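Residue numbers (this note's numbering): 1196 to 1431.
Where is the CB? At the ideal position from N, CA and C, for every residue including glycine.
Keep in mind it's a predicted model, so treat the numbers as computed, not measured.
Only one structure is covered here, and it is reproduced in the block below.
Written out as structure tokens, the structure reads:
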């Protein structure tokens, strides 16, 4: 096959043909389903997972609610930053789509020939959201990471990315979230705390009956039965 004989064995291209070759033997309905899921379904599922995690975060009390909601605010912001970083990265690497260089691939979506392949936007987006969710809720975050891995598999199955395009996207999304998280969380937490304490929009952060922590009241001077404060109370 084209590409396999240039420069010796190429694991990246071999995996591309192995994974994409599954589409050749699968029923057409399966291919259409995977194409739909890989193009739109999994990104939508990640958005729904963020909303589900937000629903649970609102029911927490005190600092846990603030921290979880801050992480959920950071997740889409980090995903957007990662996609912006990928714009010059794609132009710099300038790797053509695999079906433009290798013959015999089953391409399940159209309109992908005019841009470059490395790194995968879909893998970057889904992994950035997944890692952001993981900071807020580990159980849901692991589900999100699993969906991001499935997203990467679908992109190779669809014939629009090399495996290394996907690995690069997963790494980029993870790196942006984790490397910038300390600064981002520090900047976002006061804003989230202010929103949580608002009577008008506090419902965004906390559910009804789940308040934010308040400063402890100072103890009042106790008055003895005689009606006069004790001397040590007055001194205090």
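Beyond the five residues adjoining it in sequence on each side, residue 1249 comes within less than 6 Å, by CB distance, of 1267 in the same chain, given in chain order. With respect to the 9 Å criterion, residue 1401 and residue 1391 are classified as neighbours on the basis of their beta carbons.
According to the DSSP assignment, residue 1357 belongs to no alpha helix (DSSP H), since it is labelled neither H nor E.
In the DSSP assignment, residue 1264 falls within the unbroken alpha helix (DSSP H) covering 1258 to 1288. Burial state of residue 1352 is buried, judged by a 10 Å Cβ sphere holding 16 or more other Cβ atoms.
Secondary structure at residue 1297: coil, using DSSP grouped into helix, strand and coil. A Cβ-Cβ separation of about 22 Å leaves residue 1261 out of contact with residue 1371 under the 8 Å criterion. For the pair residue 1377 and residue 1265, the Cα-to-Cα distance works out to about 11 Å.
Within the model, the alpha-carbon separation for residue 1330 versus residue 1232 is close to 25 Å.
Per DSSP, residue 1303 is not a residue of any alpha helix (DSSP H), being assigned neither H nor E. Under the DSSP assignment, residue 1399 falls outside any alpha helix (DSSP H); it carries neither an H nor an E label.
Taken in chain order, the complete alpha helix (DSSP H) segments of 4 or more residues contained in the stretch 1206 to 1263 are 1206 to 1220, 1223 to 1231, 1237 to 1252. Going by beta carbons, residue 1290 and residue 1355 fall outside the 9 Å limit.
Between residue 1274 and residue 1335, the beta carbon gap of about 16 Å keeps them out of contact (Cβ cut-off 8 Å). Nearest Cα to residue 1349 within the set 1288, 1322, 1318, 1366: 1318.
Assignment of residue 1314 by DSSP, reduced to helix, strand and coil, places it in the coil class. Taking C-beta atoms as the reference points, residue 1367 and residue 1325 fail to come closer than 9 Å. Residue 1270 is classed as buried because its beta carbon has at least 16 other beta carbons within 10 Å across all chains shown.
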